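Counting from 1, position 227 in the sequence shown corresponds to residue 1295 in this note's numbering; the numbering is continuous, with no gaps. Right, one structure below, let's go through it.
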Amino acid sequence: MSRFMSARHISLDAYTPGEQPRNRKYIKLNTNESPYPPSNGVVAAVAEAARGLQLYSDPECKQLTACVAEFYGVSPEQVLMTNGSDEILNFAFVAFGDEEHPFAAPEISYGFYPVFAQLNRVPYKPIPLKDDFSIDVSDYENIGANIVIANPNAPTGLCLTLSQIESIVASNRQNVVVIDEAYIDFGGESAIPLVNKYDNLLITRTFSKSYSLAGARLGIGIGCQSLIADLNTIKYSTNPYNVNSMTMAAGIAAIGDSAYYRKNCDEIISCRSYTKRRLQSLGFAVTDSKANFLFAAHPTVGGKELYLKLKEMGILIRHFDSEPISNYNRITVGTREQMDALIAAIELIMKEGNIK
């Protein structure tokens, strides 16, 4: 850190992204990327868009916004496209959080929430999960604070029902409730139908997971027109050209090829069930994940030791050192072949007993 760093940021505890090593070829099951490539239509659309890179992208993302609005059954004025869902989440902390309007979130959840709060000087209240890692809805009813909940939650994969989400939103009408639906396409029920009923509900989504566009960085915010107008004020005060031309083209083509991506999601859901059964047969405790990953722990095999051994064998999973999840690992669901390789590696590790 240089001597010029602002004092207000010296203690910032920055988000740690998942490993993206380049030193060798790994089976990557650590960052919840899709194992399937973008559709041919997306690849062609991106190549065509590259021909116009001498021009700025459309700051209003008009064509993409219209496609997304039609797909989700809302109006274009209820949609904001962003540089990944991280950007829309940050916009929400900037727009709606201050000393009088703190944010509350599950204590075990997406690691960027407390970072955004700290960066924007917004008071932040982490709420413990229940012993089974589920969210206690009553902890969030009438809480008197803005709320952000990942549904399904990360890294647990557990999901609230639509009625539970509505209970939280309805009981906090004086505060904004952000529902982060990054993983909703893998088994949960979206709260988008509630945005016309509640003016305090903001849904965030991403093309990174179910649409195989993690490298393109494309996110969505969906809410009532006035909420989206607030977020647009933040966008145009920071980076009006936040979505590049090739990413816009990719998003439009991906929506057009939604049947291809739905099939991929269904394959991942099937493989998730298969892998869960295999892990359970080896003695692992596995949560009822509705995301494109599994959250698993073994009673005699330490989480960190398993992560390190698998890394030595060319397989990456995600380990978290913090309690009470230090014995758990988050495992992205890949192809059937990748998951068979994972199981085979775990079986070998357990057979040889080469974990301390």
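No residue lacks a Cβ here, since even glycine has one placed at the ideal position from N, Cα and C. The structure presented is a predicted model; accordingly, all values stated were derived computationally and were not measured.
Pairwise C-alpha distance: residue j and residue i
i, j, result
"G1283", "V1354", "29 Å"
"Q1122", "V1311", "15 Å"
"F1171", "K1419", "47 Å"
"T1368", "L1187", "39 Å"
"N1158", "H1387", "25 Å"
"T1315", "C1292", "25 Å"
"A1318", "A1113", "6 Å"
"R1076", "E1116", "44 Å"
"R1189", "P1182", "10 Å"
"I1323", "S1070", "44 Å"
"S1276", "I1211", "31 Å"
"I1337", "Y1140", "22 Å"
"I1290", "A1297", "11 Å"
"I1156", "L1295", "12 Å"
Per-residue burial, residue i [other beta carbons within 10 Å of its own, 16 or more giving buried]
i, result
"L1229", "At residue 1229 the sequence reads Thr, which differs from the Leu that was named. T1229 should be labelled exposed."
"E1101", "buried"
"F1072", "exposed"
"K1424", "Because K1424 sits at a pLDDT of 45, beneath the cut-off of 50, its placement in the model cannot be relied upon, and the following sentence gives the value as read from the coordinates. When all chains shown are included, K1424 counts as exposed."
"P1392", "exposed"
"E1087", "exposed"
"L1080", "exposed"
Supposed close pair residue i, residue j - CB separation, criterion 8 Å
i, j, result
"L1347", "A1359", "At roughly 15 Å, the Cβ-Cβ gap does not stay under 8 Å, so L1347 and A1359 are not in contact."
"V1244", "F1164", "5 Å"
"S1280", "P1106", "5 Å"
"I1048", "E1249", "Limits of the chain in this structure are 1069 at one end and 1424 at the other, which puts residue 1048 out of reach."
"V1263", "V1147", "Not confirmed; about 10 Å, so no contact."
"A1160", "L1299", "7 Å"
Paired residues, beta bridge with residue i - DSSP
i, result
"N1214", "F1171"
"P1194", "A1173"
"D1081", "D1081 is not bridged to any residue."
"A1365", "A1353 and Y1396"
Residue interval of the alpha helix (DSSP H) (run including residue i)
i, result
"P1182", "F1180 to L1187"
"V1111", "N1108 to A1117"
"Y1396", "Y1396 -> not in any alpha helix (DSSP H); beta strand (DSSP E) instead, spanning Y1396 to T1400."
"L1132", "K1130 to Y1140"
N- and C-terminal bounds of the beta strand (DSSP E) containing residue i
i, result
"R1273", "L1269 to T1274"
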